[in-house]
Amino acid sequence: MNKTIRRASVFSLLLVFALLVRATWVQFYDGKALADNDKNRRKTIAQYAYPLGDIIVGGKAVTGSAPTDGGSDLKYKRTYKDGSLYSAVTGFTSQVYGSTQLEALYQDVLDGTATRLTNPLDTVTGKRSAPGDVVTTIDPAVQKAAAKALGSTKGAAVAIDPKTGRILGMVSSPSYDPSEISGSGASDAAAWKKLSDDEDVPTLNRALKQALPPGSTFKLVVAAAALENGLYSSVDEKTDSPNPYRMPGTTTDLENESASAPCEDASLRTALQYSCNNVFGKIAVDLGQDEVRAMAEKFGFDDKKQDVPVRAAESVYPSGMDKAQTALSGIGQFDVTATPLQMAMVSATLANGGEQASPHMVSEVTNADGDAVESYPDSETERVVSESTASQLRSAMETVVTKGTGTNAQIAGATVGGKTGTAQHGENNSKTPYAWFTSYAKDDSTGEEVAVAVVVEQSDAARSEVSGNGLAAPIARAMMSAALKG
């Protein structure tokens, strides 16, 4: 063999080898990426070739599947029972518009492609597994009570079991029915356009995905920081709090909602009872923003990876503030933001003796036979504040409900503690304020407990009537009552 032929042979072999490598790469790597691509029609056809698994609430499926009209290459579409009631929990799955929330996170379980559903024989034969189910921690009674109490009011609410972290209820209003966008017909397209054009964004889960100024509910975090750092020894010790309090470096006084409230040098108990801005603004300055932030972060603020398992929006305590801004942060204003989930976690932690259980709304994933293939046990708790601090703040919160700004949360036969909040909205507070309420309740006979946070963004109430007690506390009361009766 001459030199030229030998070189040509080697070059040809290299080309064949390169083709084999490329074919292998396409088959095992690019092929999988293409198969998993949401724009791959074959993936969608496979997903809807069979009935999907279900999302379970209170032992019953709140989802289903139904055959599509003839002529479609997608044989089944998702259906929902009480879709608008549970949309903040389930999210949606659509033949056209994708999936969100639990439907998206557990898509492989619900369509049977998850490897954890596959038995050894299926692995060998390549047979598709029967779909599994996702079992939630949601209590139907709490969910229904929340939806009824919130009604058409724009806002959100979350209920948590303080000891276990189980999310018992989660609503967002306005809501929507996922069934209306699950298919690929003209009516689904019209429903999607209506949702997309709605400035209130019904598909937004306000309970998890929207962080707003928490207003005076944040005073619980500041009070906890004051006690934990030894600024004050008890909730009944008088504070050093001039009224009005002039914010450092400004000519602006941090005034109180009620000029007649006994806020000058008020104790933490009295300051929470009357929601005294001067007290908590000055405490934040006296402690310094770093100490307040450290406490906020213990409660869960500034956590960018809060999964329940749906990823929640980050609740933020800002940095780089001057002293005047720090004072405003002490009353839950300036750039402080929180989700309803976060404020429910604050009350749940105090209700649980200062220990926080990670919130979660899925208890287990099961296969087609109902056997658990993945469990999410109640998490171990993490101490946030001392038992003494938690006890004192619970006592002060109970004062808020018995004779302070939160009387609308009272429940017969239960001990209830809470904190109201009215957060400014818009430049120079030009828009309707947000009404907040965060609370906990303990049944006096059974010892059952629940923690709740509610935010009302917009209601039919006159601006002068917007308050945490007037708008948010009754919603919290309805949810807590439902949870304790269960």
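When the letters of the sequence shown are read in order and numbered with our numbering, they come out as residues -6 to 479. Cβ coordinates follow ideal geometry from the N, Cα and C atoms, glycine included.
| Asked | Found |
| --- | --- |
| With 16 other Cβ atoms within 10 Å as the buried cut-off, status of THR431 | buried |
| Contact belief for LEU98 with ARG71 at Cβ below 8 Å, rounded distance in angstroms | Actually they are not in contact, since the Cβ atoms of LEU98 and ARG71 sit about 15 Å apart, beyond 8 Å. |
| For GLN318, the first and last residue of its enclosing alpha helix (DSSP H) | 316 to 322 |
| SER474 to THR408 span [Cα, whole Å] | 11 Å |
| Minimum C-alpha distance to GLN417 - residue among LYS231, LEU161, SER384, SER209 | SER209 |
| Any non-hydrogen atom of the ligand ZN within 8 Å of PRO352 CB | Inclusion of the ligand ZN in the displayed structure is not the case, the ligand content being empty and no account of it being possible. |
| Sub-9 Å separation of ALA434 and ILE468 beta-carbons | no |
| Counted within 10 angstroms of its Cβ, other Cβ atoms place LEU7 as buried (16 or more) or exposed | exposed |
| Span separating the alpha-carbon of LYS25 from that of THR108 | Per-residue confidence for LYS25 stands at a pLDDT of 48, beneath the threshold of 50, marking its modelled position as unreliable; the derived number appears in the next sentence. Rounded to the nearest angstrom, the two C-alpha atoms are 14 Å apart. |
| Ranges of the alpha helix (DSSP H) found wholly within the stretch 345 to 431, counting only runs of at least 4 | 380 to 396 |
| Local conformation of ILE468 per DSSP, three classes | helix |
| Euclidean distance between Cα positions of ALA139 and GLY162 | 7 Å |
| Pairwise C-alpha distance: PRO241 and LEU343 | 31 Å |
| Inter-residue Cα distance where the pair is LEU477 and PRO155 | 13 Å |
| The stretch 380 to 393 in contact with the stretch 181 to 196 per 3-pair CB rule at 8 Å | no |
| Per-residue burial, ASP229 [other beta carbons within 10 Å of its own, 16 or more giving buried] | exposed |
| Boundaries of the alpha helix (DSSP H) in which LEU98 is found, first to last residue | 94 to 98 |
| VAL377 classed as buried or exposed, judged by whether at least 16 other C-beta atoms fall within 10 angstroms | buried |
| Distance CB(GLY144)-CB(SER166) smaller than 9 Å | yes |
| Alpha-carbon spacing of LEU27 relative to THR37, whole angstroms | Residue placement at LEU27 cannot be trusted, given a pLDDT of 47 that sits under 50; the coordinates are not used to answer. |
| Of the residues GLN349, THR359, THR439, THR395, the one placed nearest GLU373, counting alpha carbons only | GLN349 |
| Residue(s) in a DSSP beta bridge with GLU173 | For GLU173, which the question treats as bridged, DSSP gives no partner whatsoever. |
| Candidates PHE211, VAL448, TYR43, GLY105: closest to LYS147 by CA position | VAL448 |
| Distance between ALA142 and VAL303 (C-alpha atoms, nearest Å) | 24 Å |
| Buried or exposed by the 16-neighbour rule on C-beta atoms within 10 Å, applied to SER457 | Low per-residue confidence applies at SER457: pLDDT is 47, beneath 50, and the placement is therefore not dependable enough to give any value. |
| Sequence-distant residues of its chain with Cβ nearer than 7 Å to TYR225 (five each side left out) | ALA219, THR232, LEU261 |
| Under 9 Å between C-beta atoms of SER308 and GLN335 | yes |
| Test item: CB-CB of GLU250 and THR415 under 9 Å | yes |
| 8 Å contact criterion, which ALA465 and ALA428 should meet: CB distance rounded | 5 Å |
| Pairwise C-alpha distance: ASN462 and ALA277 | 24 Å |
| Residues near VAL89 in its chain [Cβ-Cβ closer than 7 Å; skip 5 each side] | SER177, ASP181 |
| PRO237 versus PRO255, GLY223, ASN222, residue with shortest Cα-Cα distance | PRO255 |
| Assigned secondary structure, TRP76 (DSSP; H/G/I helix, E/B strand, else coil) | Checking the displayed sequence, the identity of residue 76 turns out to be Gly instead of Trp. DSSP places GLY76 in helix when its eight states are reduced to three. |
| CB of VAL329 within 9 Å of CB of PRO206, strictly | yes |
| Buried or exposed by the 16-neighbour rule on C-beta atoms within 10 Å, applied to SER2 | exposed |
| Candidates LEU213, PRO60, GLY84, SER168: closest to PHE292 by CA position | LEU213 |
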